[in-house]
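**Q** To start, I am sharing the structure in question, which I have written as structure tokens.
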């Protein structure tokens, strides 16, 4: 058995009892892992969008320490074991999908200084993959490419997580659970210095808070080689909390590994959502678990942390004493259990298995897992073992109805323990639940501290909830202990359900506000049930801890905005309340918050308000966005305002919208009507170049392709829109041929526009300004527009040439300082001569900042 051991020395990963399965040996986590929240979300929404984010820094290949790189010494993962471990994570996702039916969508992305995915580099990275047994190989192939991706000089978590957040908003899924799993081998470093990146990452309302407020589960996996330890305090803080990064409540976990076995254990733990038992123990110790016949399924995995020898094999021992060696892959029957397993030996010895109780059989008793035939010198080595019982076990709230559970103050709230198929599942051992109601914009109320669910069902009077009517989330945290002497205590699992509890004479709100928007205004509906009146007070806004950048306040309005024009419902009648949500400026991002609805009895008595949840996403559409002069509408009734004020208002509002964009320049030659674009018969925009030519967010001017573009406010009409004008003549807009005195005239929203300039004779240049990240669809559309319109734009330029001399070729742009494919170091760089400002020289931290 060949096992690569570049990452030698002992494992530092240790069991964190109850929740965080794998953590640093000498450092307990700051808080309990929030991954049960992920399990609760999956049980409720049954859809998971996940970005798997892989570090591409050079420290994976070479030693980077104290600002110096030594190519003669190995980095943290020369053998690329992170690839095999990440591929095993895909297997875990597929298993979860098969066990529970959850719809899984995964995007494989990378990062160094910048975030890289199919959205930013479509020719190199893949798109979203709807994951199942058939598509898993595609995801694994994408991961395999990261074995060679070790050319990055920085580990900029800020840009990486910000990019993942943007991708999650554009997945196309309807109200999914969202998750980011990030692998890295080092601390935060950035091209512009660590301080600014850390500030943006950790400040109130920064990247970390944005992920938390949006409900994104944020999991970190850190690789710290014994010969090259890493400081993961910042990453641990931003994922599982307990540190200074972020102010919102954390929603994630951090797992640290020091070897290949630890990596596999960490990726396995990234989906630990409860109802499991795990341990880090010595190789010659047995892992014991008590089963009873109310449990019908069991999944387990065992992973060596160091080499146990060529003959080592995992054995499964039944209560009867019968033993089964789980070598290679196979299936067998053992004391009422149908056992299927798969064992790999390279790069690490790992066994995954599933046990199913056969019909009419009993497997009650103590079972044991233990490695056998290990090398005598490896008896003291660590192994990681985890078992999940009854995958998909959940507590169902209500009678199985879809969506929000509605009750009145005289009814009970039913709870039922069910398996992954929705069938009742009483326990022969114990199942005790803590039941908490979380009202929107209110303090949590514990309804039951230790509710017995072992019979499979229980009920709680709805009147236990204070301050009715109320709308919120009912959380049920359940801990199962199997029957036995002793039984096996499993980690708690969490379930949640939307709950509306009202009074008999008042309406019930049967759901919150959920939407996906590609415009600043979107209309949706809130389901309600009578009797009574419902209205949304005028001037309502969404209350949220964090909103996407630039969108401003989310205003919510309805035609039913007062008791006088309220939506009226008779007893038992069901209707919907139409609501419209509006923002100032469209920007990619997620919204999690609430808005209060007013309700009363039909006669107007008992008026009160109920906060309902708001979950939405905003996405900037791929099509060209027009610029709306919002201030004009406000000024239509104020024409007597002095012109000076109008001019001032126009100047203040005439700024280029804050939407990322880049540029691409191509030279066009006219051969008697036959055009060539950089020598090719058709325009071909290189997305890699566009993304590398990112233009810092401008306000009134910018430079692209050697040309200057500026906002012009010279129109004597103070209500006229201010354009962006290219400082080159002759030139015209590519979209409509517009110009001002022979210079291309573009709209303020320049993103997605292009212009043409004459270079003399039959030579011309095109400068395109695609929005970032540029997709293949946008590339195709823009290339098609250029190809279609170019001849007419050339004719337009020819008509301008007598009044405007041809532009000269722009000077070659200064080559960016930094690192090329071979790291491009400076005279002080270990990678050879080049840029003297290399971050591998004194003062800046290389790769991952070790």
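Numbering (mature numbering (1 follows the signal peptide of the UniProt record, and there is no 0)), first residue to last: -24 to -1, 1 to 826.
Think of the CB as a built atom: it goes at the ideal place given N, C-alpha and C, for glycine as much as any other residue.
These figures come from a predicted structure and were not determined experimentally.
According to DSSP, residue 701 sits in a beta bridge with which residue or residues?
**A** In the DSSP output, where bridge partners are listed per residue, residue 701 has 686, 721.
**Q** Per DSSP, which residues does residue 153 bridge with? Please list them.
**A** The partner list for residue 153 (beta bridge, DSSP) reads 24.
**Q** Quick one: grab the DSSP three-state call for residue 423.
**A** Reduced to three states, the DSSP call for residue 423 is strand.
**Q** Would residue 767 pass as a contact of residue 734 if the rule is Cβ separation under 7 Å?
**A** No. Outside cutoff.
**Q** Does the pairing of the region 239 to 259 with the region 353 to 367 give three or more beta-carbon distances under 8 Å?
**A** Verdict: yes, contact present.
**Q** Could you spell out the range, first to last residue, of the beta strand (DSSP E) harbouring residue 594?
**A** Looking at the DSSP string, the run of the beta strand (DSSP E) that includes residue 594 is 584 to 594.
**Q** In terms of residues, what are the limits of the beta strand (DSSP E) holding residue 531?
**A** Unbroken beta strand (DSSP E) run through residue 531: 531 to 533.
**Q** Can you tell me whether residue 664 is buried or exposed? The criterion is at least 16 other CB atoms within 10 Å of its CB, across all chains shown.
**A** So residue 664 ends up on the exposed side.
**Q** Do you know how far the Cα of residue 720 is from the Cα of residue 651?
**A** For residue 651 and residue 720, the distance between alpha carbons rounds to 21 Å.
**Q** Just the C-alpha distance for residue 106 and residue 631, rounded to the nearest angstrom, thanks.
**A** The straight-line gap from Cα to Cα measures roughly 40 Å.
**Q** Going by CA-CA distance only, name the one from 475, 333, 159 that's closest to residue 273.
**A** Of the listed residues, the one whose Cα sits closest to residue 273 is 333.
**Q** By the DSSP assignment, the beta strand (DSSP E) with residue 265 in it spans what residues?
**A** Looking at the DSSP string, the run of the beta strand (DSSP E) that includes residue 265 is 263 to 267.
**Q** To the nearest angstrom, how far is the alpha carbon of residue 403 from that of residue 80?
**A** Cα to Cα, the separation comes out at about 29 Å.
**Q** Tell me which residues share the same chain as residue 602 and place their Cβ nearer than 8 Å to its Cβ, disregarding the 5 neighbours each side in the sequence.
**A** Because the pLDDT at residue 602 is just 35, under 50, the model does not fix this residue reliably, and the value given afterwards should be weighed accordingly. 723, 725, listed in sequence order.
**Q** Using 10 angstroms around the beta-carbon of residue 222, count the other beta-carbons present and answer buried if the total reaches 16, otherwise exposed.
**A** With 16 or more Cβ atoms within 10 Å of its Cβ, residue 222 is classed as buried.
**Q** Touch check for the region 494 to 502 and the region 548 to 562: three-plus C-beta pairs under 8 Å?
**A** Judged by Cβ distances under 8 Å, the region 494 to 502 makes contact with the region 548 to 562, as three or more pairs qualify.
**Q** Taking Cβ to Cβ, would you say residue 394 is nearer than 7 Å to residue 452?
**A** Going by C-beta atoms, residue 394 is not nearer than 7 Å to residue 452.
**Q** Judging by CA-CA distance, which residue of 120, 382, 433 is the nearest neighbour of residue 406?
**A** When each option's Cα is compared against that of residue 406, the closest is 433.
**Q** Would you check if the distance between the CB atom of residue 409 and the CB atom of residue 429 is smaller than 7 Å?
**A** Against a cut-off of 7 Å, the Cβ pair of residue 429 and residue 409 comes out as a contact.
**Q** Let's see if you can read the secondary structure: which residues bound the beta strand (DSSP E) around residue 647?
**A** Looking at the DSSP string, the run of the beta strand (DSSP E) that includes residue 647 is 640 to 647.
**Q** Quick check: what's the CA-CA separation for residue 654 versus residue 763?
**A** Near 13 Å, if we compare the C-alpha coordinates of residue 763 and residue 654.
**Q** Roughly how many angstroms separate the alpha carbons of residue 681 and residue 730, rounded to a whole number?
**A** So the alpha carbons of these two residues sit roughly 12 Å apart.
**Q** Given a cut-off of 7 Å, decide if residue 477 and residue 438 are closer than it, judged by their beta-carbon atoms.
**A** Yes.
**Q** Is it buried or exposed, residue 353, if we count other Cβ atoms within 10 angstroms and call 16 or more buried?
**A** By the 10 Å Cβ count, residue 353 comes out exposed.
**Q** In or out: residue 311 buried (at least 16 other Cβ within 10 Å) or exposed?
**A** Under this definition residue 311 is a buried residue.
**Q** Taking residue 102 and residue 94 to be in contact with their CB atoms under 8 Å, please state how far apart those CB atoms are, rounded to whole angstroms.
**A** Right, their Cβ atoms sit about 5 Å apart.
**Q** Counting pairs of Cβ atoms below 8 Å between the region 108 to 128 and the region 25 to 44, do you hit three or more?
**A** The answer is yes - the region 25 to 44 touches the region 108 to 128, with three or more Cβ pairs under 8 Å.
**Q** Consult DSSP for residue 860 and reduce its assignment to one of helix, strand or coil.
**A** Only positions -24 to 826 of the chain appear in this structure, which leaves residue 860 out of reach.
**Q** At a cut of 8 Å, does the region 195 to 214 reach the region 531 to 545 through at least three beta carbon pairs?
**A** Flag = no, the region 195 to 214 and the region 531 to 545 do not touch.
**Q** Contact check, residue 197 vs residue 159 under 8 Å by CB: the rounded distance?
**A** Confirmed, about 5 Å.
**Q** Report the start-end ranges of each beta strand (DSSP E) in the region 200 to 245 that is 3 residues or longer and not cut off at the edges.
**A** The qualifying runs are 228 to 233.
**Q** Quick check: what's the CA-CA separation for residue 185 versus residue 645?
**A** Looking at the two C-alpha atoms, the distance is approximately 51 Å.
**Q** In chain order, what residues of the same chain have a beta carbon less than 8 Å from the beta carbon of residue 596, not counting five sequence neighbours either side?
**A** The answer, listed in chain order, is 494, 562, 563, 564, 635, 747.
**Q** Helix, strand or coil: which one does DSSP assign to residue 741?
**A** In the structure shown, residue 741 sits in a strand (DSSP, three-state: E or B).
**Q** Report all residues from its chain with a CB closer than 8 Å to the CB of residue 658; omit the five preceding and five following residues, and keep chain order.
**A** Cβ within range, chain order: 759, 763.
**Q** Which of the three DSSP states, helix, strand or coil, is assigned to residue 498?
**A** Residue 498: strand per DSSP, three-state reduction.
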